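S.K.:
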Amino acid sequence: MKKIGVLAFQGGVIEHVKKIEEIGHIPVLVKKIEDLDGIDGLILPGGESTTIGKFLIETGVKEKILSLAEQGMPMWGTCAGAILLSKTIKNQGSGVLPLLDIVIERNAYGSQLDSFKKEVFVLRFNKTTECVFIRAPKIVDVGSNVEVLAQLDTPIAVLQGTILATTFHPELTSQNYWHSFFVENVIK
Amino acid sequence: MSEVVNVNERYELNKNLAQMLKGGVIMDVTSPREAEIAEKAGAVAVMALQKVPADLRKEGKVARMADPKIILEIKKAVSIPVMAKVRIGHFVEAQILEALGIDYIDESEVLTPADEEHHIDKWKFKAAFVCGARDLGEALRRIQEGASMIRTKGEAGTGNVVEAVRHLRRINKQIAYAASLNEDELYAYAKELGVSYELLKKTAELKRLPVVNFAAGGIATPADAALMMQLGADGVFVGSGIFKSKNPEKRARAIVMATTYYNDPKILAEISYDLGEEMEGIDLRGLSQNELLQFRGN
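Printed below as a string of structure tokens:
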């Protein structure tokens, strides 16, 4: 069983916690530096990227995560989490944890009225997965070392080494494909 | 991109946005400047208003939806979701906010009610709605009408948390009671509350409301916010408590911190330290029945 941290300052925390339990692993809430000790992977949930980013900086959790990333700690950002992991946020500089070589645009689809759900086929899983987009960002460019796992008009799921990002919310559906993929293929 | 046609799917998406606000603070703002302060302090959303509840309360005039100019200026100033209030039952104000592309509509007792018998039929809208409630019946009736988020009513604009505490405790107690009932009793209780059996049953099974529930009305200090979180709120709304205090930036930041570290008295002690003069509170015992906002809308 793996211990999987979920950054718990704010946002869709409990939804990820439930998924981790469902696939038989141990969730760990991360609010302080010491909560990062002994985890096998870290999920950065959806929420407000500005709010979560502020907590990351002010608590010093940011530095600890960056040093863990250097040691190869697997991480997965969903929606706001993907924004935090981006090297470039369109017109806004870089994410607080700029580990992923992508350019992302915040709220790229519009307001809540433009939130939507879509079935998307993922070749790696050979399955159609439910993707829920809530005031979602768009990945507008990816570096050459970034693998695109799923795509609509732009990439919606990308993997670079041990860093996974999805612009949608697999934790809001009844499926476990993405959580299983993170544990089995990214954390290993 | 409008992919969704199905009403239930739309409702799920609106509930999902509220889920992403969990553990956060939503702040009332009346200008782009205040909205920027709120965003900078770490608010997860702002409520765009013409006047904060404390001023509405003082004036005693008819309070309406804010001018779209103010709402759009605030929308432009921040990247976090923007909410705005409409009068209870005023479905045209809601149509206007939907046309403005607002993220969440608050059908609010803080404004003067437009309809004393009917709330807005929220199923007719694509937009997400949050509504106030003082007890389980009220919360479930609003959800039946299509609200995808609930907040306690509390007593807005008073800086006095007592009513928010009363409402949250009451809702929790009623859910625990519903969960203890057998099927026959649950039918009777649904009738008593004026809600559908199915919705009450679902609530009893979940042992919580089927949508996100924030605390609101009178939250003015970090300790107030942490209190509501420890009582089981999913997040908090802060109104006049911030911009009616001496150091709004610092207090806003402290309330955001307190909502995250609500279970950590040591951190709460640190962030409560030296916040400057707070909002003047009102002892509710000095208010007459018709000065209380929470009794608007049932």
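Residue numbers (the numbering used here), protein chains in the order written: chain R, -9 to 178; chain S, 164 to 461.
By construction, the Cβ of each residue, glycine as well, lies at the ideal position given by its N, Cα and C atoms.
Since this is a predicted model, take the numbers as computed values, not measurements.
1. Just curious, the beta strand (DSSP E) that GLU109/R is in, first and last residue?
2. Using C-beta distances below 7 Å, list every residue in its chain close to VAL170/S, excluding the 5 sequence neighbours before and after it, in chain order.
3. So, for GLU256/S: in the same chain, excluding its five sequence neighbours on each side, which residues have a beta-carbon less than 8 Å away from its beta-carbon?
4. Spatial neighbours of SER194/S within its chain, please: C-beta separation below 8 Å, excluding the five flanking residues on both sides.
5. Counting only Cβ-Cβ distances shorter than 7 Å, please list the residues of the segment 178 to 199 of chain S near chain R, keeping chain order.
6. Kindly list the residues whose CB is nearer than 6 Å to the CB of ALA206/S, restricted to its own chain and excluding five residues on each side of it in sequence; keep chain order.
7. What does the alpha-carbon distance come out to for the pair LEU142/R and CYS69/R?
8. When burial is assigned at 16 or more other CB atoms within 10 Å of the CB, is ASN453/S buried or exposed?
9. Closest by CA to ASN376/S, which one among HIS330/S, TYR340/S, GLU443/S?
10. Return the residue from the list ILE313/S, LEU184/S, GLN337/S that minimises the CA-CA distance to THR422/S.
11. DSSP on VAL241/S, reduced to helix/strand/coil?
12. For ASN179/S, which of helix, strand or coil comes out of DSSP?
13. Within 10 angstroms of its Cβ, does VAL167/S collect 16 or more other Cβ (buried), or is it exposed?
14. Show which residues of chain S have a CB atom less than 9 Å away from the CB atom of HIS159/R.
15. For the alpha helix (DSSP H) holding LEU46/R, just list the boundary residues, first then last.
16. Helix, strand or coil: how does DSSP classify ALA98/R here?
17. How many angstroms separate the CA atom of GLY444/S from the CA atom of ILE382/S?
18. If you count every other CB in all the chains shown that lies within 10 Å of the CB of PRO428/S, and 16 or more means buried, which is it?
19. Using alpha carbons as the reference points, say which of GLU60/R, PHE106/R, GLY62/R, THR40/R lies closest to GLY83/R.
20. Quick one: residues in its chain with C-beta nearer than 6 Å to the C-beta of MET312/S, no 5 flanking neighbours on either side, listed in chain order?
21. From the DSSP output, which residues share a beta bridge with TYR425/S?
22. So within the segment -4 to 71 of chain R, which uninterrupted beta strand (DSSP E) runs reach at least 3 residues, ignoring any that extend past its ends?
23. Note down, in chain order, each residue of its chain lying with its Cβ closer than 8 Å to the Cβ of LEU394/S, except the 5 sequence neighbours on either side.
24. Does the distance from the CB of GLY402/S to the CB of GLY100/R come in under 8 Å?
25. Please confirm whether GLY264/S has its beta-carbon closer than 8 Å to some beta-carbon of chain R.
26. Taking the alpha carbon of GLN213/S as the point to measure from, which residue in MET246/S, SER242/S, ILE200/S has its own alpha carbon closest?
27. Which whole-angstrom value is the C-beta distance of ARG304/S and GLY357/S, which I expect to be below 8 Å?
28. Could you pull the start and end residues of the beta strand (DSSP E) that VAL122/R belongs to?
29. In terms of residues, what are the limits of the alpha helix (DSSP H) holding LEU219/S?
30. Measuring CB atoms only, is the segment 10 to 19 of chain R touching the segment 54 to 73 of chain R, in the sense that at least three cross pairs come out at less than 8 Å?
31. From what residue to what residue does the beta strand (DSSP E) around GLU137/R run?
32. If you draw a straight line from the alpha carbon of VAL132/R to that of VAL112/R, how long is it in whole angstroms?
33. Pull the bridge partners of ASN376/S from the DSSP assignment, please.
34. Using only CA atoms, which one of LYS(-7)/R, GLU109/R, ARG114/R, VAL93/R lies nearest to ALA72/R?
35. With DSSP as the reference, label ARG227/S as helix, strand or coil.
36. How would you label PHE458/S, buried or exposed, when you count the other beta carbons within 10 angstroms and need 16 or more for buried?
M.R.: Judging by the given coordinates:
1. Numbered from its first residue, the first sequence carries residue 109/R at position 119. For GLU109/R, the enclosing beta strand (DSSP E) covers residues 106 to 112.
2. One-based indexing of the second sequence puts residue 170/S at position 7. The residues are TRP286.
3. Reading the second sequence from its first residue, position 93 is the one you call residue 256/S. Hits under 8 Å: ARG227, MET228, VAL249, ARG250, ALA277.
4. Taking the second sequence and counting its residues from 1, one reaches residue 194/S at position 31. Excluding residues within five positions, the ones whose Cβ falls inside 8 Å are ILE233, GLU236, ILE237.
5. ASN179, LEU180, GLN182, MET183, LYS185, GLY186, GLY187
6. Translated into the one-based positions of the second sequence, residue 206/S becomes position 43. Only VAL188, MET190 meet the Cβ criterion.
7. Residue 142/R sits at position 152 when you count from the first residue of the first sequence. Residue 69/R sits at position 79 when you count from the first residue of the first sequence. When rounded, the distance between both Cα atoms is 15 Å.
8. For the purposes of this step, residue 453/S is taken as residue 290 along the second sequence, with counting starting at 1. Exposed, because fewer than 16 other Cβ atoms sit within 10 Å of the Cβ of ASN453/S.
9. Working through the second sequence from its first residue, we reach residue 376/S at position 213. Cα-wise, what sits closest to ASN376/S is HIS330/S.
10. Mapped onto the second sequence, residue 422/S falls at position 259. Comparing Cα positions, the closest option is LEU184/S.
11. Against the second sequence, residue 241/S aligns to sequence position 78. Coil, per DSSP.
12. Counting from 1 along the second sequence, the entry for residue 179/S is found at position 16. Here ASN179/S sits in helix by DSSP.
13. Numbered from its first residue, the second sequence carries residue 167/S at position 4. Caution applies to VAL167/S, whose pLDDT of 49 falls short of 50 and renders its modelled position unreliable; the value that the coordinates give is listed next. With 16 or more other Cβ atoms within 10 Å, it is buried.
14. For this step, residue 159/R is matched to residue 169 along the first sequence. Those within 9 Å of HIS159/R in chain S are ASN179, GLN182, MET183.
15. Position 56 of the first sequence, counted from the first residue, corresponds to residue 46/R. LEU46/R -> alpha helix (DSSP H) spans 39 to 49.
16. On the first sequence, position 108 is the one that residue 98/R refers to. It is coil, neither helix nor strand.
17. Counting from 1 along the second sequence, the entry for residue 444/S is found at position 281. Counting from 1 along the second sequence, the entry for residue 382/S is found at position 219. Each residue's alpha carbon lies about 10 Å from the other.
18. Your numbering for residue 428/S matches position 265 in the second sequence. Answer is exposed; the Cβ neighbour count stays below 16.
19. The residue labelled residue 83/R in the question sits at position 93 within the first sequence. Among GLU60/R, PHE106/R, GLY62/R, THR40/R, the Cα nearest to that of GLY83/R belongs to THR40/R.
20. As a working mapping, residue 312/S is identified with position 149 in the second sequence. Closer than 6 Å at Cβ, skipping near neighbours: ALA181, VAL293, VAL374, VAL375.
21. Taking the second sequence and counting its residues from 1, the one referred to as residue 425/S is at position 262. According to DSSP, which records beta bridges pairwise, TYR425/S is partnered with nothing at all.
22. 16 to 20, 31 to 34, 65 to 68
23. Taking the first residue of the second sequence as position 1, residue 394/S is located at position 231. So the list reads VAL328, LEU331, ARG332, ASN335, ALA378, once near-sequence residues are dropped.
24. Your numbering for residue 402/S matches position 239 in the second sequence. Your numbering for residue 100/R matches position 110 in the first sequence. Not in contact: GLY402/S and GLY100/R (Cβ atoms no closer than 8 Å).
25. Looking up residue 264/S in the second sequence gives position 101. Yes, because at least one Cβ of chain R sits closer than 8 Å to the Cβ of GLY264/S.
26. Numbered from its first residue, the second sequence carries residue 213/S at position 50. Closest option to GLN213/S, Cα to Cα, is MET246/S.
27. Here residue 304/S refers to the residue found at position 141 of the second sequence. Here residue 357/S refers to the residue found at position 194 of the second sequence. Confirmed, Cβ separation roughly 6 Å.
28. On the first sequence, position 132 is the one that residue 122/R refers to. 117 to 123 is the extent of the beta strand (DSSP E) around VAL122/R.
29. If you number the second sequence from 1, residue 219/S lands on position 56. Segment 216 to 222, the alpha helix (DSSP H) holding LEU219/S.
30. no
31. As a first step, residue 137/R must be located in the first sequence, where it is residue number 147. For GLU137/R, the enclosing beta strand (DSSP E) begins and ends at 137 to 141.
32. For the purposes of this step, residue 132/R is taken as residue 142 along the first sequence, with counting starting at 1. For the purposes of this step, residue 112/R is taken as residue 122 along the first sequence, with counting starting at 1. Their Cα atoms are separated by approximately 18 Å.
33. Your numbering for residue 376/S matches position 213 in the second sequence. DSSP output for ASN376/S lists ILE313/S as bridge partner(s).
34. On the first sequence, position 82 is the one that residue 72/R refers to. Here the closest residue by C-alpha is VAL93/R.
35. Position 64 of the second sequence, counted from the start, is the residue given in the question as residue 227/S. The answer is coil: DSSP assigns ARG227/S none of H, G, I, E or B.
36. Along the second sequence, one-based indexing puts residue 458/S at 295. Flag for PHE458/S reads exposed.
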